[in-house]
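**Q**
There are 2 protein chains.
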Amino acid sequence: MYEVEVKVPADLEAVRDRLETLEATRLGSVVQADTYYNAPHRDFAETDEALRVRSERPDDSTEKTRVTYKGPLVDEETKTREEFETGIEDAETTDAILTSLGFEPTATVRKDRERFSLEEYTVTLDTVDGVGDYVEVETEVADESDLEGAREGAYDVLERLGLDPDDQIRTSYLGLLLET
Amino acid sequence: MYEVEVKVPADLEAVRDRLETLEATRLGSVVQADTYYNAPHRDFAETDEALRVRSERPDDSTEKTRVTYKGPLVDEETKTREEFETGIEDAETTDAILTSLGFEPTATVRKDRERFSLEEYTVTLDTVDGVGDYVEVETEVADESDLEGAREGAYDVLERLGLDPDDQIRTSYLGLLLET
Chain A
1 MYEVEVKVPA DLEAVRDRLE TLEATRLGSV VQADTYYNAP HRDFAETDEA LRVRSERPDD
61 STEKTRVTYK GPLVDEETKT REEFETGIED AETTDAILTS LGFEPTATVR KDRERFSLEE
121 YTVTLDTVDG VGDYVEVETE VADESDLEGA REGAYDVLER LGLDPDDQIR TSYLGLLLET
Chain B
1001 MYEVEVKVPA DLEAVRDRLE TLEATRLGSV VQADTYYNAP HRDFAETDEA LRVRSERPDD
1061 STEKTRVTYK GPLVDEETKT REEFETGIED AETTDAILTS LGFEPTATVR KDRERFSLEE
1121 YTVTLDTVDG VGDYVEVETE VADESDLEGA REGAYDVLER LGLDPDDQIR TSYLGLLLET
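For the protein sequence lines, the chains are A and B, in the order given.
First residue of the first sequence? That's 1 in our numbering, and the numbers climb one at a time after it.
First residue of the second sequence? That's 1001 in our numbering, and the numbers climb one at a time after it.
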């Protein structure tokens, strides 16, 4: 499965109005804390990989934790990568296992996310602690040959939300946080 | 938390009879498949660590998967180690994450386990595919200073089960499997 994801800085109130006009479905909101780890045997900043433990508290449920591995970029344009993710019971024990294996936590990104569904795309309004407000438009495709069409569709969604695809930020929130 | 664990080869039918006489509580039985991984940056055979993904199907429930890190031995005598373990949603995805990070599966140990509780000890009757039949007696202590007493208690349990603490096998099932 390949993920297509485009992100631009945005005035979230204005985007919320456009989503209402477009009759997007509000999926809910969550508070996320993402801790990123670096490996003992290779530098993920160089290999362009990521290992993340995400604790997520939805507005209507209890906290859930997931671990995610993101491989190097397949497509520079849309930040497409191979991704493996599974739920885990306990973030603290996972941290103990990873640090025992020599992995080191490098940074924690905290954000409020509000998600909407618009056709086959998910639109996420993010308020990132210490970084700013952003809108992400994403979808998944099974085949690499469908990436180009999915990317064009994501740009189209941005335009309908009053946003400019040329404002696209390719730096991750982790990268933006580390730049501050 | 420190784990005290002693293991001896045994005639499981005879031990089952003794457990009944001692009025031990039968806790249930499970089928376990343990996959062990080696690290890309150090050889766990040399550092005496272990990283294990265990899929367990209890006789009365659905399959559960857990990931466990075991640190080097703290006490040679009883195989005491520091251990971190947490539940995970999906074994296959965990395998994909670990192999992407450069970890390699080295072996899979499959066994049927029947567990009993006898005072503060857990007695496990193991039938290990390709290895043989064993009894494990284990308990946990919070403090390292309680290890000696817990170990003596484990030997005492073995004797009451008609087993000889001198038959203790310090090699793991993984080790025994790799020796075959």
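Glycine included, every Cβ here is placed at the ideal spot set by N, Cα and C.
Only a predicted model underlies this, so the values are computations on that prediction, with no experimental measurement involved.
1) Excluding the five sequence neighbours on either side, which residues of its own chain have a C-beta within less than 7 Å of the C-beta of B:Ala-1142, listed in chain order?
2) Using a beta-carbon distance below 8 Å, is A:Leu-101 in contact with chain B?
3) Using CA coordinates, which residue listed in B:Glu-1049, B:Asp-1133 and B:Ala-1150 is at the minimum distance from B:His-1041?
4) Excluding sequence positions up to five away, which residues of its chain have a Cβ less than 7 Å from the Cβ of B:Lys-1218?
5) Against chain A, which members of the region 1062-1076 of chain B pass a CB distance test of less than 7 Å?
6) Along the chain, where does the beta strand (DSSP E) that runs through B:Thr-1035 open and close?
7) Which residue marks the beginning of the alpha helix (DSSP H) containing B:Arg-1160, and which one marks its end?
8) On a Cα-Cα basis, can you pick out the residue from A:Lys-111, A:Glu-13, A:Thr-99 and A:Leu-118 that is closest to A:Gly-130?
9) With respect to the alpha helix (DSSP H) encompassing B:Glu-1020, which residues constitute its N-terminal and C-terminal limits?
10) Near A:Glu-104, which residues of its chain fall below 7 Å by C-beta distance, leaving aside the five closest residues on each side in sequence?
11) With a threshold of 8 Å between beta-carbons, can A:Ile-169 be considered close to chain B, or not?
12) Using a Cβ-Cβ distance under 8 Å, would B:Thr-1047 count as near chain A?
13) Rounded to the nearest angstrom, what separates B:Ser-1029 and B:Arg-1113 at their Cα positions?
14) Could you check how far apart the C-beta atoms of A:Phe-116 and A:Leu-27 are, in whole angstroms? I think they sit under 8 Å.
15) Grab the span of the alpha helix (DSSP H) containing A:Asp-95 for me, first residue to last.
16) In this structure, how does DSSP classify A:Phe-103 when only helix, strand and coil are distinguished?
17) In whole angstroms, what separates the C-alpha of A:Asp-166 from that of A:Val-74?
18) I'd like to know if B:Asp-1090 contacts chain A, where contact means its C-beta is closer than 8 Å to some C-beta of that chain.
19) If you measure between the beta carbons of A:Ala-107 and A:Leu-51, is that distance less than 8 Å?
20) Along the alpha helix (DSSP H) that carries A:Val-50, what are the first and last residues, could you check?
21) Taking the straight line between their C-alpha atoms, what separation do you get for A:Arg-18 and B:Ala-1045?
22) Please check the pair A:Val-157 and A:Val-137, which I expect to be a contact at CB under 8 Å, by giving their CB distance rounded to whole angstroms.
23) Is it buried or exposed for A:Thr-93, if we count other Cβ within 10 angstroms and need 16 for buried?
24) Which residue from A:Ala-10, A:Gly-102 and A:Gln-32 puts its Cα closest to that of A:Asp-59?
25) Compare the C-alpha of B:Glu-1120 against each of B:Gly-1153, B:Leu-1022, B:Arg-1016 and B:Thr-1068 and name the closest.
26) Going along the chain, which residues of its own chain have a beta-carbon closer than 8 Å to the beta-carbon of B:Asp-1090, five neighbours each way excluded?
27) What did DSSP end up calling B:Asp-1126 once you bin it into helix, strand or coil?
28) Measure the CB-CB distance between B:Val-1053 and B:Ile-1169 and report whether it falls below 8 Å.
29) Using a C-beta cutoff of 8 Å, does B:Thr-1035 count as contacting chain C?
30) With H, G and I counted as helix, E and B as strand and the rest as coil, what does DSSP make of B:Glu-1119?
31) Thinking just about the alpha-carbon of each residue, which of A:Glu-144, A:Gly-162, A:Gly-132 and A:Arg-160 is nearest to the one in A:Leu-176?
32) Mind reading off the beta-carbon distance from A:Val-67 to A:Leu-161? Whole number of angstroms is fine, and I expect it under 8 Å.
33) Around the Cβ of A:Asp-164, are there at least 16 other Cβ atoms within 10 angstroms (buried) or fewer (exposed)?
34) At a CB-CB cut-off below 8 Å, which residues of chain B make contact with A:Ala-96?
**A** So, to answer that:
1) Excluding sequence neighbours, B:Ala-1142 sits near Met-1001.
2) So yes, A:Leu-101 belongs to the interface.
3) Of all alpha-carbon atoms in B:Glu-1049, B:Asp-1133 and B:Ala-1150, the one lying nearest the alpha-carbon of B:His-1041 is that of B:Glu-1049.
4) Here chain B has residues from 1001 to 1180 only, and residue 1218 of chain B is not among them.
5) Sequence-ordered contacts of the region 1062-1076 of chain B with chain A read Val-1067, Tyr-1069 and Gly-1071 [C-beta pairs closer than 7 Å].
6) Looking at the DSSP string, the run of the beta strand (DSSP E) that includes B:Thr-1035 is 1025-1038.
7) Run containing B:Arg-1160: 1147-1160, per the alpha helix (DSSP H) assignment.
8) It is A:Lys-111 whose Cα lies nearest to the Cα of A:Gly-130.
9) Element bounds for B:Glu-1020: 1012-1021.
10) In its chain, beyond the 5 residues on either side, Tyr-37 and Asn-38 have a beta carbon closer than 7 Å to the beta carbon of A:Glu-104.
11) False, the Cβ-Cβ gap to chain B never drops below 8 Å.
12) Answer no: the Cβ-Cβ gap between B:Thr-1047 and chain A never drops below 8 Å.
13) In this model, B:Ser-1029 and B:Arg-1113 are separated by some 5 Å (Cα to Cα).
14) Contact between A:Phe-116 and A:Leu-27 holds, with the beta-carbon distance rounding to 6 Å and staying under 8 Å.
15) Taken as a continuous stretch (DSSP letters only), the alpha helix (DSSP H) holding A:Asp-95 covers 91-100.
16) Three-state DSSP puts A:Phe-103 in coil, outside helix and strand.
17) A:Asp-166 and A:Val-74: Cα-Cα distance of roughly 20 Å.
18) With its beta carbon less than 8 Å from one in chain A, B:Asp-1090 belongs to the interface.
19) Between A:Ala-107 and A:Leu-51, the C-beta spacing is not below 8 Å.
20) In the sequence under discussion, the amino acid at residue 50 of chain A is Ala, which differs from the Val named in the question. Per DSSP, A:Ala-50 lies in no alpha helix (DSSP H) segment; the continuous beta strand (DSSP E) that holds it begins and ends at 50-58.
21) Each residue's Cα considered, the two are about 59 Å apart.
22) That pair is a contact at about 5 Å.
23) Buried: at least 16 other Cβ atoms inside 10 Å.
24) Of the candidates A:Ala-10, A:Gly-102 and A:Gln-32, the one whose C-alpha sits nearest the C-alpha of A:Asp-59 is A:Gln-32.
25) Selection B:Gly-1153, B:Leu-1022, B:Arg-1016 and B:Thr-1068 evaluated against B:Glu-1120 yields B:Gly-1153 as nearest (Cα-Cα).
26) Spatial neighbours of B:Asp-1090 in its own chain (CB-CB distance under 8 Å, excluding positions within 5 residues in sequence) are listed in chain order as Thr-1065.
27) Strand at B:Asp-1126.
28) No. Outside cutoff.
29) No chain C appears in this structure, whose protein chains are A and B.
30) The answer is coil: DSSP assigns B:Glu-1119 none of H, G, I, E or B.
31) For the residues A:Glu-144, A:Gly-162, A:Gly-132 and A:Arg-160, the minimum Cα distance to A:Leu-176 belongs to A:Gly-132.
32) A Cβ-Cβ distance of about 31 Å is found for the pair A:Val-67 and A:Leu-161, leaving them out of contact under the 8 Å criterion.
33) When all chains shown are included, A:Asp-164 counts as exposed.
34) Near A:Ala-96 (Cβ distances below 8 Å), the residues of chain B are Tyr-1069 and Phe-1084.
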